[in-house]
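Using our numbering, read the sequence shown as starting at 77 and increasing by one per residue.
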Amino acid sequence: MSKERNRQSWDTLSKCYQSEHIISLEDVHYGPHAPGERSLGLIGNVRGLDVLEIGCGGGQNSIVLMKWGAKSATGIDQSEAQLEYARKLAQKEKVVVSFLQADMEDLHVFRNSTFDLVVSSHAFDYAENLDRVFQETARVLRKGGRFVFCMLNPIWRVVGTALESEDLAKVQAYFGEEAEKWSWATSDGQSIGAFETVPWRFEQIINGVIQSGLRIDRVVEPRGYNGNEAEEIGVESIPYRDAYPSEKFLALIRRIPFTIIISAKKS
77 MSKERNRQSW DTLSKCYQSE HIISLEDVHY GPHAPGERSL GLIGNVRGLD VLEIGCGGGQ
137 NSIVLMKWGA KSATGIDQSE AQLEYARKLA QKEKVVVSFL QADMEDLHVF RNSTFDLVVS
197 SHAFDYAENL DRVFQETARV LRKGGRFVFC MLNPIWRVVG TALESEDLAK VQAYFGEEAE
257 KWSWATSDGQ SIGAFETVPW RFEQIINGVI QSGLRIDRVV EPRGYNGNEA EEIGVESIPY
317 RDAYPSEKFL ALIRRIPFTI IISAKKS
């Protein structure tokens, strides 16, 4: 898998991505058109905590956590274009967040036991060595610290795209070993970037966290909102949504989970 290709592709995609997705600055997001932290309560009270966000993208979650009273927030990402967007957004929102370009598999820039909370939203699918990510996260967490992250749900990876496109030839092997290559489809049908992500299985995700020494205390597979639910809570309250959502996609995330969220703690 090419980390450099992914980095370049995110630099290319960043402007389009941020314009085609509506990402909350008042709630932590975990997945598209689905409940966020205010509904799920996985993170808890962040007041006075030192926070690290891995794969921060445009920095929205880090900004939210600072608004909620975190003592400090640091966001790392591979894409300088995403980081530049994040810096400008934090300045606009009048919060102080430190945004750094760094590798999620090598957090040597941080000392042991630096953070009370580590969060990540849909970044670990791009990891070459997921075990290393979890080990580094455990290292930089303080005793009693919490780790909350989400990834593409393996169920969605195997059948989601095939069902959405009504093409069973696109069903992916659950036991795939090679990185999957794909391009980002924009709202007008263009393809941007050349991405590679690893087909992580449930056992690799769960066992990786356990073997890092962290204790898993909650696993969530959030169901996407239906029309009535979205109307009831207010579309603007959905923390992550497409600007131009596909009705087929919205129906599918009611039937199979797009995201898996895991909350773990360092004893």
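Where is the CB? At the ideal position from N, CA and C, for every residue including glycine. Computed from a prediction, not measured in an experiment: that's the story for all the values here.
- Runs of the alpha helix (DSSP H) spanning 4 or more residues and lying entirely within the stretch 204 to 289 occur at 206 to 216, 230 to 241, 278 to 287, in chain order.
- Under the three-state reduction of DSSP output, GLU297 falls in the coil class, being neither helix nor strand.
- DSSP, read as helix, strand or coil, puts VAL140 in helix.
- Under the three-state reduction of DSSP output, GLY124 falls in the coil class, being neither helix nor strand.
- Look at the beta carbons and you see the stretch 226 to 236 not touching the stretch 164 to 182: under three pairs across the two are nearer than 8 Å.
- Annotated three-state conformation of PHE186 is coil, per DSSP.
- Within the model, the alpha-carbon separation for GLY131 versus PHE200 is close to 8 Å.
- Nearest to SER148 by C-alpha distance, out of GLY134, PRO315, ALA157, GLU129, is GLU129.
- Counting only residues of its own chain and dropping the five nearest sequence neighbours on each side, ILE268 has a CB closer than 7 Å to the CB of THR88, LEU89, CYS92, SER259, TRP260, THR262.
- Residue environment analysis places ASP293 among the exposed positions, since fewer than 16 neighbouring C-beta atoms fall within 10 angstroms of its C-beta.
- The three-state reading of DSSP puts VAL171 in coil, since its state is none of H, G, I, E or B.
- When secondary structure is reduced to three states using DSSP, GLU181 falls in the coil class, being assigned neither helix nor strand.
- By the C-beta density criterion, GLU312 is exposed, having fewer than 16 other C-beta atoms within 10 angstroms.
- Look at ILE314 here: in three-state DSSP terms it is coil, with no helix or strand label.
- Sixteen is the threshold: when 16 or more other Cβ atoms of the shown chains lie within 10 Å of the Cβ of GLN154, as they do, the residue is buried.
- Taking a cut-off of 8 Å on C-beta distances, the stretch 182 to 190 touches the stretch 210 to 218, as three or more cross pairs fall below it.
- Within its own chain, the residues whose Cβ lies closer than 7 Å to the Cβ of ARG330, once the five positions on either side in sequence are excluded, are ARG299, GLY300, ASN302, listed in chain order.
- In terms of Cβ geometry, SER241 and VAL224 do not form a close pair [threshold 9 Å].
- By the Cβ neighbour-count rule, ILE139 is buried, with 16 or more other Cβ atoms within 10 Å of its own.
- Taking LEU125 as reference, the option from HIS109, LEU116, MET142, ARG114 with the minimal CA-CA separation is MET142.
- Assignment of PHE325 by DSSP, reduced to helix, strand and coil, places it in the helix class.
- In this model, ILE332 and ASN229 are separated by some 9 Å (Cα to Cα).
- Of the other Cβ atoms in all chains shown, fewer than 16 fall within 10 Å of the Cβ of ARG291; this residue is therefore exposed.
- In the DSSP annotation of this structure, the continuous segment of the alpha helix (DSSP H) that includes ILE309 starts and ends at 303 to 309.
- Closest in alpha carbon position to GLY265, among TYR250, TYR320, ILE281, is TYR320.
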